[in-house]
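In the working numbering, the protein residues as written are 2 to 394.
Since the structure comes first, as structure tokens, the remarks are kept for the end.
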Amino acid sequence: MKVSVERTEGVEHRITVEVDADVVKAKFEEAAAELAKNVRVPGGYRKFKAKVARVKQLYRKHILSDLAGSIVQETVEDALKDLELETLGMPRMADEASVVLGQPFSYSVLVETRPTFETVDYEGLVVPIYNTEVTDKDVDDAVEKLQKEHSQMVDFEGETIEDEMYVTLSIKPDTKDEAELEALSNEGYFLKINDDVSEKLRDIIIGKPVKGAFAFKGTAEEIYHHVKAEELKDKEFDWTLEPVRVQKYVMPELSDEFANQAKGLASLLALRGELRENLQKEKKEQADGIKRGHLNRQLLEKNKFDLPSHFVSAVAQERMAAVAKNFEQYKGAMDEEYLQQFIQSQQHEAFQRTIHESASFFVMDALAKQLELVVSDAEVEEKLTQMAEEREV
């Protein structure tokens with residue numbers, strides 16, 4: 002077997018493999034004999050050798066066609082090993098190859114290799130400095146966030162609706178059209194009075210009595226975010242809105258009991274101490290992440306190289322497929338057009354992230370080898386232990 006390689010463009014290489022004619026003939030004989038075991042041939046041949054000869058006549062094109070693919074599968078891996086290339090992804094056929102008996106069989110595949118660097122330039126990198134100090138206000142905010150997480154929704158006992166409350170409304174448009182009534186009426190429309198509702202509807206609801214109906218003049222889209230009946234969303238109606246139920250979240254009081262219930266700690270002081278420690282760790286991790294991002298960008302600017310485009314695209318396609326699969330559960334529950342636009346934006350983000358992460362990986366990996374950085378087993382064990390403790394597994 003003869004193997005040659007030529008660089009086509011970037012990190013792509015064309016590998017040409019030539020298999021000797023006698024090897025091809027031997028494989029043809031093997032394939033014909035194997036096929037003869039499994040097919041019936043008219044004529045009732047008693048001798049297997051005669052049957053094989055007849056099979057060669059009847060199925061010659063079929064055997065040669067299959068043989069091309071099998072020879073490629075059997076030889077391409079060994080050919081790549083002989084070249085000692087650091088290939089990425091699967092080889093791709095460069096062109097169609099066919100077997101001709103009596104002649105060597107030659108085929109070519111395209112492969113991408115890991116980008117190589119003579120040396121990685123890392124001189125003059127600027128590392129930004131970030132303040133990771135945790136203030137008392139940071140701790141206060143963390144305590145309040147924890148309170149909100151342990152809040153309970155209760156029925157509101159006051160008289161008027163306030164901002165940030167949750168209201169269940171009975172909604173009816175003033176129309177005699179039965180189809181419009183059916184499409185737009187709702188006896189239990191649940192919404193939170195905040196920026197998610199239209200400004201006009203929000204202004205109408207806030208300050209209204211908890212009990213009793215009130216009027217609203219506006220479009221269907223100003224009440225409902227998404228209106229399935231496209232022809233009705235911009236149509237204006239006189240609406241009758243009546244609160245069915247008004248609720249609000251009530252935060253627990255700050256006390257040692259709350260500290261115990263929320264985190265299993267003995268006192269509020271201990272709770273604040275743990276939150277401060279966690280915030281310190283989070284701020285350090287955020288700062289380290291930002292620093293890494295800055296260093297990555299500078300390294301990529303200093304060290305230009307060709308990415309293995311097919312390999313990166315394959316990884317990106319897998320991520321994009323995963324994004325689409327994750328949002329399948331929302332089909333039917335969300336506006337189809339809006340969902341598709343959102344999925345496409347997420348897929349585009351996944352594609353761009355894959356390109357950046359791949360480029361960063363190759364240059365950082367090359368730099369690690371250049372600096373002879375080695376991770377010890379003890380460091381790996383320490384990291385695994387830390388991950389296990391964080392995940393409580």
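Even for Gly, the Cβ is constructed at its ideal location relative to N, Cα and C.
Note that the structure is predicted; figures quoted are calculated from it, not measured.
| query | result |
| --- | --- |
| Name the residue from Val144, Asn297 and Glu380 whose alpha carbon lies nearest to the alpha carbon of Asn402. | One cannot answer for residue 402 here, as it falls past the ends of the chain, which runs 2 to 394. |
| How close, in whole Å, do the beta carbons of Tyr250 and Ser152 come, if the pair is a contact with beta carbons under 8 Å? | 4 Å |
| In chain order, what residues of the same chain have a beta carbon less than 8 Å from the beta carbon of Val316, not counting five sequence neighbours either side? | Thr355 and Ser359 |
| Using alpha carbons as the reference points, say which of Glu393, Glu275 and Ala288 lies closest to Leu147. | Glu275 |
| Leaving out the 5 sequence neighbours to the left and right, which residues in its chain are closer than 7 Å to Thr176 when beta-carbon positions are compared? | Leu182 and Phe238 |
| So, is Lys326 buried or exposed, given that buried needs 16 or more other C-beta atoms within 10 angstroms? | exposed |
| Using C-beta distances below 6 Å, list every residue in its chain close to Leu300, excluding the 5 sequence neighbours before and after it, in chain order. | Val364 |
| In three-state DSSP terms, what is Asn187? | strand |
| What are the start and end residues of the beta strand (DSSP E) that includes His357? | Segment Glu337 to Gln371 is the alpha helix (DSSP H) holding His357; no beta strand (DSSP E) there. |
| Out of Ser109, Lys62, Val211 and Gln74, which one is the CA nearest neighbour of Leu102? | Lys62 |
| Can you tell me which of Arg246, Val247 and Ala263 puts its alpha carbon nearest to the alpha carbon of Glu254? | Ala263 |
| Should Tyr225 and Ile194 be called a contact, given that it needs their Cβ atoms to be closer than 9 Å? | no |
| DSSP beta-bridge partners for Thr88? | Thr114 |
| Only counting the same chain, and skipping five residues up and downstream in sequence, which positions put a Cβ closer than 7 Å to that of His349? | none |
| When DSSP builds the beta bridges, which residues end up paired with Asp239? | Lys218 |
| When the Cα of Lys173 is compared with those of Glu163, Ala184 and Glu319, which residue comes out closest? | Ala184 |
| Grouping DSSP H, G and I as helix and E and B as strand, with all else coil, what is Thr120? | coil |
| Verify whether the separation of the beta carbon atoms of Thr386 and Lys284 is less than 9 Å. | no |
| DSSP has Ile16 in a bridge; who is on the other side? | Val6 and Val110 |
| Within 10 Å of its beta-carbon, does Thr136 have 16 or more other beta-carbons around it, so buried, or fewer, so exposed? | exposed |
| Asp156 lies in the beta strand (DSSP E); which residues open and close that run? | Gln153 to Asp156 |
| In whole angstroms, what separates the C-alpha of Ala37 from that of Ala51? | 10 Å |
| Where do the N-terminal and C-terminal ends of the beta strand (DSSP E) with Thr169 fall, by residue? | Tyr167 to Pro174 |
| Who are Tyr250's beta bridge partners in DSSP? | Met154 |
| Hey, Ile162 and Val211 are a contact pair by Cβ (cut 8 Å); roughly how many whole angstroms apart? | 6 Å |
| So, do the segment 300-313 and the segment 327-346 have three or more beta carbon pairs nearer to each other than 8 Å? | no |
| Using CA atoms only, rank isn't needed, just tell me which of Glu391, Met388, Ala22 and Leu368 is closest to Asp122. | Leu368 |
| Who pairs with Lys193 in a beta bridge, going by DSSP? | Tyr167 |
| Which partner residues of Pro244 appear in the DSSP bridge assignment? | Leu170 |
| For Glu113, count neighbouring C-beta atoms within 10 Å of its own C-beta (all shown protein chains included) and say buried if the count is 16 or more, exposed if not. | buried |
| When you compare the CB positions of Glu78 and Pro309, do they come within less than 9 Å of one another, or not? | no |
| Between which two residues does the alpha helix (DSSP H) carrying Asp257 extend? | Asp257 to Lys264 |
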